[in-house]
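What follows is a set of notes on a single structure, which appears directly below.
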Amino acid sequence: MPAQLQLPTPATTSTPASAAFAAPALTTSPDTSANRNSALERRARLTARLAKLAAAGYLAPLARQIGSLGGCTRPIRMTGHRTRLDTATGQILDHLDTRHLPAGELLLRCGNRRTTRCPACSTLYRYDTYQLIAAGLRGGKTIPTSVATHPRVFATLTAPGFGPVHNQPGTTPCTCGTRHADGDPLLGTPLNPQRYDYTGAVLWNAHAPALWARFTTHLRREIANAAGLTQRTLRHHATLSYEPLRV
Ligand SMILES: [Zn+2]
Ligand SMILES: [Zn+2]
C-alpha cells in the first residue's frame with residue numbers, strides 16, 4: 030500500500046522561535062476563504078512550504094520522522110519531554126524534548142484496526158494478526174513447530190440480539206425489502222423501533238466488561254475440570270486466547 034504522507038500541522042505561536050523547525054513552519058500564506066477552496070493554491074502553498082523546509086535543511090529529518098509512521102494517516106501527536114536517568118548515579122542517559130523533533134511533536138502510529146480510520150495501521154494489524162495465528166497453528170516466532178500436531182478450537186462468540194435490525198444479508202435484500210448500500214445510515218438500526226429492546230441493549234452493553242471477565246474465569250475453570258486438571262496445571266496443557274472482532 031502506498032504510504033500517504035501528511036505534513037503535520039505546523040506548531041503554533043506557543044513554540045519558541047528558537048526551536049528547531051518552528052520558524053519555517055510558521056511562515057505560511059494567509060489562509061483566506063477565497064483561496065481555501067482552491068486545490069491548486071493549496072498545492073502551491075504546500076510546495077512553497079516544502080521548498081522552505083528543504084532550503085533550511087528540515088525536509089529530510091521531517092521525511093524520516095513521517096516515514097517511521099509507515100503511512101499512518103492519523104498519527105497520535107504527543108508533546109512534552111522525557112529524561113532517562115541512571116538510578117544508581119543520577120547521570121542523565123538521554124533527554125527528549127518533542128519541540129526539538131522535526132515535526133515539533135512526537136508522532137506515533139494510531140494503531141487503528143479500521144480501514145476507514147487508517148488504511149496503513151489496519152493493514153499492519155491484519156498482517157500481525159495473521160502472523161500470530163499462523164505461528165500458533167504451525168509454529169515459528171519462538172513457538173515450537175510441534176504445536177502443529179496439537180488439537181485446537183476456534184470458537185466465535187456472538188453478542189445477543191435485542192431485535193431485528195437493517196442489515197446486508199449477502200445476496201438477498203434486507204428484511205425490509207431494500208438492498209442497503211454500504212454507509213446507509215439505516216444499517217444496524219432497528220427494523221421496528223417500537224418493539225426493539227433498547228433497555229436490554231443498554232444494560233447488556235453496560236455490563237459487558239463484567240460479563241466477559243466472569244465468562245473467561247468460568248471457561249478456564251470448566252475446561253480444567255473437564256480435563257481433570259487444576260487451573261494452575263491447565264496452562265501446561267492448553268492456551269486460551271481471545272481476539273475481539275469489531276464490525
Ligand atoms: Zn494509523
Ligand atoms: Zn432494511
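Residues in the sequence shown are numbered consecutively from 30, following our numbering. Just so you know, even glycine gets a beta-carbon here, dropped at the ideal spot from N, CA and C.
Where does residue i fall in DSSP's three states?
i    : result
R106 : strand
N123 : Note that residue 123 corresponds to Asp in the displayed sequence, not to Asn. Correct three-state label for D123: strand.
L136 : strand
P277 : The structure shown does not extend to residue 277, since the chain is modelled only from 30 to 276, so the question has no answer here.
G99  : coil
A51  : In this prediction, A51 scores a pLDDT of 34, lower than 50, which makes its location untrustworthy; no coordinate-derived value is stated.
G199 : coil
G165 : helix
L263 : helix
H209 : coil
Expressed to the nearest angstrom, what Euclidean distance is found between the alpha-carbon atoms of residue i and residue j?
i    : j    : result
P219 : C203 : 12 Å
V194 : L215 : 9 Å
N196 : W233 : 21 Å
Y154 : G99  : 12 Å
A253 : R142 : 33 Å
T350 : A117 : Because residue 350 is not part of the residues shown, which for the chain are 30 to 276, the question remains open.
A163 : V176 : 11 Å
A188 : C101 : 31 Å
F244 : E70  : 58 Å
D226 : G192 : 6 Å
T200 : T158 : 29 Å
S151 : C139 : 9 Å
T259 : L186 : 25 Å
From the options, pick the residue whose C-alpha is nearest to that of residue i; which is it?
i    : options               : result
L269 : D115, A184, I95       : A184
V182 : L137, R72, E70, A267  : A267
S97  : S67, K170, P238, A132 : A132
C147 : A255, I105, P238      : I105
Opposite residue i in the DSSP bridges: which residues?
i    : result
L114 : I121
V194 : P219
Identify the continuous alpha helix (DSSP H) that holds residue i and give its terminal residues.
i    : result
E272 : Where E272 is concerned, there is no enclosing alpha helix (DSSP H), given that its DSSP letter is neither H nor E.
I252 : 227-256
A68  : 68-84
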